[in-house]
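Reviewing the structure listed below.
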Amino acid sequence: MSQTTSEKPQDAAERREARAQHRRALLQTRLSLVSVGACLLIFALIAIFLLVFPRSTTSQIENRSLAKFPAFSLQSYFSGEFTSGITTFYDDTVPYHDSFKNMSNQMKSTFGMRLFSSFSAPAASDDDEAEATPTPSPTPDPFEGVAGREILSEFVQAGSASTEPYQRDYSAESNGTLEWVNNLLMVNWDNHWRCMEPFGGGGGTNYAAALNDLQSKISPNVTIWSMPAPTASSIYTPKNALEYVADQAECFDGIAAKLNSGIQSVNVVDVMKKHTEENIYLRTDHHWQPLGAYYAARTFAEAAGVPFADLSTYEGREHGLCRHAVRLLAGLPLEK
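397 is the number that my numbering gives to position 72 of the sequence shown; each next residue is one higher, with no gaps.
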């Protein structure tokens, strides 16, 4: 009788524990069903959004037309090009493409500014630099064998960039107007605001590998040239923001060191620093102006040993700009 009495509380405790475990399992099952249902609902809403809303066709931010739906053919289908094109189309033409891009940039701005302070690019040695950018040998007549030689009889050859003096070094000056907007650097120089994308650096390994691979597939008589284009942040970043921006000249030298010996490299950052007080870059866009493009092209022509007309022989014209890609990237209204 005493043994039966002592077992009853133990049995009751086991039953309570069993009921508690059953309730926990039931609650867990219900929560799992709710989670699955919520995920299915979200996926369904996304699918409806992508299928019903009109797809984007152009991007003002990227200044380009978005991907087109691929044309079907048996050859493209079996090669995988058709299905790959469909993937690219649906990925690139998301409805409200630019709005989502701006939203992404705003989210990235919460990550902090010290995104690029740890960059370190290998600099090319003197031997590499001399090999990458050969000094062209002077020729008595640069137009020998050029078609239309008579038309070029009044041609004025551009001077060498090596003889030009340096202009104002903005990177040596601190600027108290520095602001960061959506991970874009904004600074006021001489009552003019500039908006620039901070250069994040990188080793350029994929770029160098692509050029090296291309060289291996073409005739050895073909010369490949590499001339990365620097952005405005390489010139107009103030001293108090240099730790957030990687050195583009060092990065380009590092790329040149990775190129095969037959690939010629041109670094135009130093040339741009000789024209900092001229209109070589747009103030609210990441592209260089025609004048900046001229100095870069002249530097390439000098390295390649081909004729290039002096700036004085050009006719200057002005064109109004109504779109500024960096303003769009920053989520700022377009100028009118």
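Don't be surprised by glycine CBs; every beta carbon is placed ideally from N, CA and C. What you are looking at is a predicted structure, and each value in this text was computed from that prediction instead of being measured.
Practice problem: Ignoring anything shorter than 3 residues or poking outside the region 362-400, list the beta strand (DSSP E) runs there in chain order. | Solution: none
Quiz item: How big is the Cα-Cα spacing for residue 523 and residue 569?
Solution: Along the sequence shown, one-based indexing puts residue 523 at 198. Along the sequence shown, one-based indexing puts residue 569 at 244. One C-alpha to the other measures close to 7 Å.
Quiz prompt | Between the CA atoms of residue 641 and residue 601 - distance to the nearest angstrom | solution = Looking up residue 601 in the sequence shown gives position 276. Looking up residue 641 in the sequence shown gives position 316. If you take the alpha carbons of residue 601 and residue 641, they lie about 19 Å apart.
Exercise. Could you tell me whether the Cβ atoms of residue 496 and residue 564 are closer together than 8 Å?
Key: Counting from 1 along the sequence shown, the entry for residue 496 is found at position 171. Counting from 1 along the sequence shown, the entry for residue 564 is found at position 239. Yes, these two residues count as a Cβ contact at 8 Å.
Quiz item: Is residue 596 closer than 8 Å to residue 620 when the C-beta atoms are compared?
Solution: As a first step, residue 620 is located in the sequence shown; it is residue number 295 there, counting from the start. As a first step, residue 596 is located in the sequence shown; it is residue number 271 there, counting from the start. Yes.
Quiz prompt | Coarse secondary structure for residue 510, derived from DSSP in three states | solution = Residue mapping note: residue 510 aligns to position 185 of the sequence shown, counting from 1. Strand.
Exercise. Can you tell me which of the three DSSP states residue 614 falls into?
Key: For the purposes of this step, residue 614 is identified with residue 289 of the sequence shown, where counting begins at 1. Three-state DSSP puts residue 614 in coil, outside helix and strand.
Quiz prompt | Whole-number beta carbon distance between residue 576 and residue 527, since they are thought to touch under 8 Å | solution = Here residue 527 refers to the residue found at position 202 of the sequence shown. Here residue 576 refers to the residue found at position 251 of the sequence shown. That pair is a contact at about 7 Å.
Quiz item: Using 8 Å as the limit for Cβ to Cβ distance, is residue 406 near chain D?
Solution: Going by chain labels, chain D is absent from the structure shown, which holds only one protein chain.
Quiz prompt | DSSP state of residue 355 mapped onto helix, strand, coil | solution = In the sequence shown, the residue the question calls residue 355 occupies position 30. Residue 355 falls in the helix class under three-state DSSP.
Quiz item: By the 10 Å Cβ neighbour count, where 16 or more other Cβ atoms means buried, how is residue 415 classified, buried or exposed?
Solution: As a position in the sequence shown, residue 415 is number 90, starting the count at 1. Exposed is the call here.
Exercise. Decide if residue 370 is buried, meaning its Cβ has at least 16 other Cβ atoms within 10 Å, or exposed.
Key: Walking along the sequence shown from the start, residue 370 turns up at place 45. With fewer than 16 Cβ atoms within 10 Å of its Cβ, residue 370 is classed as exposed.
Quiz item: Distance, Cα to Cα, residue 457 vs residue 590?
Solution: Numbered from its first residue, the sequence shown carries residue 457 at position 132. Numbered from its first residue, the sequence shown carries residue 590 at position 265. Because residue 457 sits at a pLDDT of 46, beneath the cut-off of 50, its placement in the model cannot be relied upon, and the following sentence gives the value as read from the coordinates. Taking the straight line joining both Cα atoms gives about 5 Å.
Practice problem: Tell me whether the beta-carbon of residue 347 lies closer than 8 Å to the beta-carbon of residue 384. | Solution: One-based indexing of the sequence shown puts residue 347 at position 22. One-based indexing of the sequence shown puts residue 384 at position 59. Not in contact: residue 347 and residue 384 (Cβ atoms no closer than 8 Å).
Quiz item: When the Cα atoms are used, what is the spatial distance from residue 376 to residue 419?
Solution: Here residue 376 refers to the residue found at position 51 of the sequence shown. Here residue 419 refers to the residue found at position 94 of the sequence shown. The straight-line gap from Cα to Cα measures roughly 10 Å.
Practice problem: Measuring alpha carbon to alpha carbon, tell me which of 617, 584, 567 and 362 ends up nearest residue 549. | Solution: On the sequence shown, residue 549 is found 224 positions in, with the first residue counted as 1. Ranking the options by Cα distance to residue 549, first place goes to 584.
Self-check item: In chain order, each alpha helix (DSSP H) run of at least 4 residues that lies wholly inside the region 556-639
Solution: 558-561, 573-583, 594-597 and 615-629
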